[in-house]
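Peer 1: Before anything else, here's the structure in question.
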Amino acid sequence: MTHYFTNNWENIQNFQARPDDILIATYPKAGTTWVSLILDLLYFGKTAPERQTSIPIEHRVPFLEINIPSMFQGIDMAENLPTSPRLIKTHFPVQFVPKSFWEQNCKVVYVARNAKDNMVSFFHFDRMNMAEPEPGEWNNYFHRFMEGKMVFGSWYDHVNNWWKKKQTYSNIHYMFYEDMIEDTGREIDKLCSFLGLSPSAEEKKQITGGVQFDNMKKNDMVNHCTIPIMDFKISPFMRKGKVGDWKNHFTVAQNEEFEEDYKKKMKDLTLEFRTEI
Ligand code: A3P
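Start counting the sequence shown at 73; every next residue gets the next number (my numbering).
Structural data, given as structure tokens:
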């Protein structure tokens, strides 16, 4: 973790969730913004369409644990949300989620992305985001990711421990980035049945179109161009949006090393990822 996420630890841990809060939980770069926009549109697209053109997504769906003075105070932003439900984002490993979310039996949408693409996306994000540690050279980063020495810790622990949580806490919808790429409409249908929503066919069509990569990339209310600590000249936030970009970064030797290590770390065979579709 970095101080941006630990500075306000006690207040974050004591955050008071409400029963209808919806927590969007992810390892960084797994498709958080994509799912945040889908949820925001599902809940408020029809009743408060002006949100879409006036409030950047990071204000509509606050990042619970962020604390960058004079820029983002996640818990204040969450506490001041006028909406019901409140949509709240977190990158916390499951054990750090404030306990009131569990006590209130809040719905949780968890999104996971295959490790290889997640690593590549995180690398480029760390290059362009001034609040992140410098990624350094790719081969070192590659090893650091496998060792779990990342902001928010090990990808392997994150996806596995959230997966385990789902076995004992039924209000988690565990989704995969790759499934969203394969068929966004189908994944929105599954989300709706989890959330108990039934948008019209027309609404669903509009949402599915609005959240396609190219549309989000040119939408300044969701592409993060308003966040001053991100340097799009280095790399845009909406970068590629693909499954399989890892093939442009991993050498053959790195891929072999990665696969060998992956087998040792990912023992739960019920949790399967696709690295190409
Ligand atoms: P890439 O860097 O691989 O392009 P997060 O929101 O969790 O930070 O995740 C960001 C990643 O999700 C980026 O991946 C971004 O391009 C991708 N992404 C965001 N919206 C997307 C969309 N509508 N379709 C596909 N990928 C999307």
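C-beta: ideal position from N, C-alpha, C; glycine also. Model, not experiment: these values are computed from the prediction.
(1) Looking at T162 and L269, is the spacing between their C-beta atoms short of 8 Å?
(2) For K101, which residues from the same chain have a beta carbon less than 8 Å from its beta carbon, with the 5 sequence-adjacent residues on both sides left out?
(3) According to the Cβ coordinates, are F224 and P170 closer than 8 Å?
(4) Where does F194 sit, in a helix, a strand or coil, going by DSSP?
(5) Indicate, with yes or no, if the ligand FMN has a heavy atom lying under 7 Å from the CB of K290.
(6) Examine the Cβ distances between the stretch 338-348 and the stretch 310-319 and report whether three or more of them are shorter than 8 Å.
(7) To the nearest angstrom, how far is the alpha carbon of P207 from that of R199?
(8) Can you find at least 3 beta carbon pairs, one from the stretch 114-132 and one from the stretch 154-161, that sit closer than 8 Å?
(9) Helix, strand or coil, according to DSSP, for N201 in the structure here?
(10) Considering just the uninterrupted stretch of the beta strand (DSSP E) at I96, what are its terminal residues?
(11) Just reading off the beta strand (DSSP E) that L159 is part of, what are its end residues?
(12) Given a cut-off of 8 Å, decide if Q167 and P91 are closer than it, judged by their beta-carbon atoms.
(13) Hey, would you say the C-beta of I299 is under 7 Å away from at least one heavy atom of the ligand A3P?
(14) So, are the CB atoms of A120 and P134 less than 8 Å apart?
(15) Name the one or two DSSP bridge partners that H245 has.
(16) Considering Cα atoms alone, identify which of S265, T104, P154, Y76 is closest to G146.
(17) Do T125 and M293 have their CB atoms nearer than 8 Å?
(18) Helix, strand or coil: which one does DSSP assign to M288?
(19) Short of 7 Å in beta carbon distance, which residues of its chain neighbour S307, apart from the five on each side in sequence? Order them along the chain.
(20) Is M310 helix, strand or coil by DSSP?
(21) State the Cα-Cα distance for the pair H131 and F173, rounded to the nearest angstrom.
(22) Looking only at DSSP bridge pairs, what is Q145 linked to?
(23) I'd like to confirm something about M143: is its beta-carbon nearer than 7 Å to some heavy atom of the ligand A3P, or not?
(24) Give me the DSSP bridge partner(s) of M302.
(25) Just mark R258 as buried or exposed, buried being the case when its beta carbon has 16 or more other beta carbons within 10 Å.
(26) Can you tell me the Cβ-Cβ gap for A203 and I301, rounded? I've got them flagged as a contact below 8 Å.
(27) Please determine, among H296, W234, Q326, V324, the residue with the shortest C-alpha to C-alpha distance to T105.
Peer 2: Taking the coordinates as given:
(1) no
(2) R185, N190, S193, F194, F197
(3) no
(4) helix
(5) Ligands in the displayed structure: the ligand A3P; the ligand FMN is not one of them.
(6) yes
(7) 6 Å
(8) yes
(9) strand
(10) 94-98
(11) 159-162
(12) no
(13) no
(14) no
(15) V181
(16) Y76
(17) yes
(18) helix
(19) H196, R199, M200
(20) coil
(21) 20 Å
(22) N139
(23) no
(24) N201
(25) exposed
(26) 5 Å
(27) H296
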